[in-house]
Amino acid sequence: MSFEDLLRNRSATEYADFVLPSIDSGDRVLDVGCGPGSITVGLAKVAGHVIGIDVDDAEFAEARAYAAEHGISNVEFHEGSIYELDQPDASVDVCTLCSMMETLDDPLAGLAQVRRVLKPGGLIGASSIEYGGLILHGPGEPLLRRFYELRLKLWEAQGDVHPYRGRELRRLLLAAGFEQVEARTTYFSYGTEERVRMFGQGRAADCRDEWYVIGLTEHGFADQGEIDALEQAWTTWAASPDSFAAFAWGRATGRNP
């Protein structure tokens with residue numbers, strides 16, 4: 066998927082809409098766990114300055130190039146960890162964590178760093194996927210659900226992702242000392258020809274991903290024949306007019322005391 070595709074399908078307008086109205090044109094925003102950076106670039110449209118941080122510099126290489134090419138001068142990207150944020154105390158107005166909290170084994174330690182860099186009264190906005198709210202319909206649905214069953218088993222075996230963190234965000238922000246915490250849930254839906262195709266082809270590509278294939282086979286969760294069947298099921302689903310999918314996302318906002 067090109068970076069332009071990401072800007073359309075993983076935009077700040079859609080994924081950070083719950084914090085955008087609270088960001089002012091002079092605000093300094095820290096986007097922690099920015100990944101490929103499409104949301105970060107979108108935040109730069111409304112903020113004074115935005116810094117995207119992720120553990121792998123290669124993640125946001127395309128976003129950095131896009132910003133330079135299009136003269137977006139108020140955004141920058143740095144390699145770093147939420148556990149050791151390279152920002153001065155009380156220097157940030159807003160901190161966003163999109164698809165970030167579910168990757169943390171020690172979320173309270175990460176949130177302590179966020180509190181340190183946020184100004185008094187500064188805003189935190191966190192969103193995490195909630196696998197308890199998955200909706201799937203279309204051809205091959207049992208195989209599609211098997212795909213997620215295997216992904217969950219692999220995450221559990223490897224401890225990579227906490228797939229039900231979306232429901233925990235309110236508790237975590239309160240435990241970290243944030244105030245005025247408000248949690249809610251929204252759904253991201255895949256119900257147009259373009260979005261169904263994008264989603265289905267993306268999951269088919271996941272079935273060829275080394276992490277998924279090697280992880281499943283090494284743990285004995287599935288063999289190559291079943292993985293190939295899952296890929297074909299997603300390819301078929303991506304082209305079907307019967308297909309629909311939606312994921313629940315937990316969201317929470319809070320203020321630094």
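Just add 65 to wherever you are in the sequence shown, counting from 1, and you've got my numbering.
Ideal placement from N, C-alpha and C gives every residue a C-beta, glycine not left out.
Bear in mind that the values here come from a model prediction, so they are computed numbers and not experimental data.
Q | LEU173, buried or exposed, once every other Cβ within 10 Å from all chains shown has been counted against 16 | A | exposed
Q) How long is the line joining the alpha carbons of ILE189 and ASP288, rounded to whole angstroms? A) 43 Å
Q) Between the C-alpha atoms of LEU85 and GLU195, what's the straight-line distance to the nearest angstrom? A) 22 Å
**Q.** Uninterrupted beta strand (DSSP E) stretches inside the stretch 239-303 (no shorter than 3 residues)
**A.** 244-255
Q: Identify the continuous alpha helix (DSSP H) that holds VAL182 and give its terminal residues.
A: 172-182
**Q.** Nonlocal neighbours in the same chain, by C-beta distance under 6 Å from ALA109, ignoring five residues either side
**A.** Same-chain partners within the cutoff: VAL115, ILE137, ASN139 and VAL140.
Q. What is the C-beta distance between ALA112 and ILE147, in whole angstroms, given that I count them as a contact (C-beta under 8 Å)?
A. ALA112 to ILE147, Cβ: 19 Å. No contact.
Q | Residues near SER254 by beta carbon distance below 7 Å, same chain, minus five either side | A | ALA311
(Q) Buried or exposed, going by whether 16 or more other CB atoms sit within 10 Å of the CB of VAL226? (A) Classification of VAL226: buried, given that the 10 Å Cβ count is 16 or more.
Q: Please classify VAL182: is it buried, with 16 or more other beta-carbons within 10 angstroms of its beta-carbon, or exposed?
A: buried
Q: Report yes if the C-beta distance between PRO322 and PRO185 is below 9 Å; otherwise report no.
A: Yes.
Q.
Taking 6 Å as the limit between beta carbons, can you name the residues of its chain near ASP122, skipping five residues before and five after?
A. GLU144
Q. Got a sec? Which residues, its chain only, sit under 7 Å from LEU295 by beta carbon, not counting five neighbours each side?
A. The answer, listed in chain order, is LEU208, ARG211, PHE212 and CYS272.
Q.
Between which residues of its own chain and ARG75 is the CB-CB distance below 8 Å, once the five residues before and five after are set aside?
A. PRO101, SER103 and ILE104
Q. For ASP96, which of helix, strand or coil comes out of DSSP?
A. Of the three classes helix, strand and coil, the one that applies to ASP96 here is strand, per DSSP.
Q) Can you tell me whether DSSP reads GLY107 as helix, strand or coil? A) Residue state, collapsed to three classes: helix.
Q. Between the C-alpha atoms of ASP70 and PHE264, what's the straight-line distance to the nearest angstrom?
A. 12 Å
Q: Report the rounded CA-to-CA distance for PHE243 versus THR318, giving the unit in angstroms.
A: 9 Å
Q) Which class does SER76 belong to by DSSP, given the choice of helix, strand or coil? A) coil
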